[in-house]
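Quick note on numbering: the sequence shown equals residues -10 to 217 in our numbering. Yeah, the Cβ is synthetic: ideal placement off N, Cα and C, and Gly gets one too.
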Amino acid sequence: MCASRLPDAAPTVPARASATERAYATLKREILVGDLPGGEELGEVALAERLGCSRTPVREALLRLQTEGLVRIYPKRGAIVLTVTSAEAESVWEARALVEQWAAPRAFAAGGRIRAELDALVDSAEEHRVQRDLAAFTEADRRFHEVVVAAAGNPHVCRFYRSLRERQMMVNATAMGLSPERMEAAVRDHRELARLIAGDDLDAFLTATDAHLSASRHAVLGLGGASA
-10 MCASRLPDAA
0 PTVPARASAT
10 ERAYATLKRE
20 ILVGDLPGGE
30 ELGEVALAER
40 LGCSRTPVRE
50 ALLRLQTEGL
60 VRIYPKRGAI
70 VLTVTSAEAE
80 SVWEARALVE
90 QWAAPRAFAA
100 GGRIRAELDA
110 LVDSAEEHRV
120 QRDLAAFTEA
130 DRRFHEVVVA
140 AAGNPHVCRF
150 YRSLRERQMM
160 VNATAMGLSP
170 ERMEAAVRDH
180 RELARLIAGD
190 DLDAFLTATD
200 AHLSASRHAV
210 LGLGGASA
């Protein structure tokens, strides 16, 4: 069975990492959580000064990020963070919805076991919403759904869902950032889903899951005007 506690999608900076690793981990995290949004220009000199290293580690970090499809490098100019297009946002949502709709009825049997973890994640999301900490809110939002998917017990599906994490984080960060009301709605939806999954009404839980996914789809498609 796939464990319900899953690792962070955005990398943390290793304690004894090289300058390149530190630059890469820092920049990747900032991109994934939206601190460096799509279209942001990344100059090597400015990044080196901010990160406290030479330009070489920054250049190497940007090369790695380019291979992952997160930035595009322009010789002698630096790089630009790639924007999540409306088409990509919709494809990420579709893949996510397929997994979550498959997982919902299978995870329901484990609802009592995961209820406390889900409640804790909802409380965390609410705290981060009040503090306007978008990065932490997005992480709590993502983890909530991963706990439910993991409870379905299929390690292959878990691995596929994890493969969506980075793009999903970018999509969610942009959507939530554009709509504070969506953050409030997500907290309400998650609190209701946590209550229903630990109950005895499977149909009610599945209906609430579908409604939440529909609302998420609306938020994602709303990115179309901001993402070319």
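Rounded to whole angstroms, what's the CA-CA distance from residue i to residue j? Just pull it up for me.
i: Met(-10); j: Val119; result: Reliability fails at Met(-10), whose pLDDT of 48 lies under 50, so the model's placement of it is uncertain and no value is given.
i: Ala174; j: Arg184; result: 15 Å
i: Ala96; j: Gly28; result: 39 Å
i: Arg104; j: His134; result: 12 Å
i: Gly41; j: Thr198; result: 45 Å
i: Val70; j: Arg61; result: 7 Å
i: Glu116; j: Leu110; result: 10 Å
i: Arg66; j: Leu52; result: 13 Å
i: Glu77; j: Leu31; result: 23 Å
i: Gly101; j: Val88; result: 21 Å
i: His143; j: Asp122; result: Before going on, a small fix: residue 143 reads as Asn here, not His. Approximately 32 Å between the Cα atoms of the pair.
i: Pro26; j: Thr163; result: 8 Å
i: Glu57; j: Val176; result: 31 Å
i: Asp189; j: Asp112; result: 23 Å
i: Ala92; j: Glu128; result: 20 Å
i: Arg151; j: Thr72; result: 21 Å
i: Asp192; j: Leu153; result: 27 Å
i: Leu59; j: Glu79; result: 18 Å
Quick one: what's got a C-beta closer than 6 Å to residue i's C-beta in the same chain, skipping five residues either side?
i: Ser205; result: none
i: Phe149; result: none
i: Ala99; result: Ala140
i: Leu(-5); result: Here Leu(-5) scores only 40 on pLDDT, less than 50, and its place in the model should not be relied on; the value that follows carries that caveat. Here the set comprises Glu135.
Could you round the C-beta distance between residue i and residue j to whole angstroms and report it? I think they count as a contact, below 8 Å.
i: Ala114; j: Asp130; result: 6 Å
i: Arg11; j: Glu33; result: Contact doesn't hold; Cβ gap of about 15 Å is too wide.
i: Ala208; j: Ser168; result: 6 Å
i: Pro94; j: Leu195; result: 6 Å
i: Glu106; j: Val136; result: 6 Å
i: Ala35; j: Arg44; result: So it is not a contact: roughly 10 Å between Cβ atoms.
Note down, in chain order, each residue of its chain lying with its Cβ closer than 7 Å to the Cβ of residue i, except the 5 sequence neighbours on either side.
i: Gln157; result: Val81, Arg85 and Arg131
i: Thr9; result: Pro46, Glu49 and Ala50
i: Ser(-7); result: Residue confidence is low: Ser(-7) scores 40 on pLDDT, short of 50, so the model does not pin down where it sits. Its coordinate-derived value is still stated next. Once the five neighbours on either side are set aside, the close Cβ partners of Ser(-7) are Ile103, Glu106, Val136, Ala139 and Ala140.
Spatial neighbours of residue i within its chain, please: CB distance less than 8 Å, with the 5 preceding and 5 following residues excluded, ordered by chain position.
i: Asp178; result: Ala197, Ala200, His201 and Ala204
i: Ala6; result: Ala14
i: Gln55; result: Arg61, Ile62 and Ala68
Give the list of continuous beta strand (DSSP E) stretches no shorter than 3 residues that lie fully inside the region 30 to 97. 60 to 63 and 67 to 70
Please specify which runs of the alpha helix (DSSP H), each continuous and at least 4 residues long, are wholly inside the region 110 to 142, giving them in chain order. 123 to 140
Unbroken alpha helix (DSSP H) runs of length 4 or more, entirely within the region 166 to 212: which are they? 169 to 186 and 191 to 210
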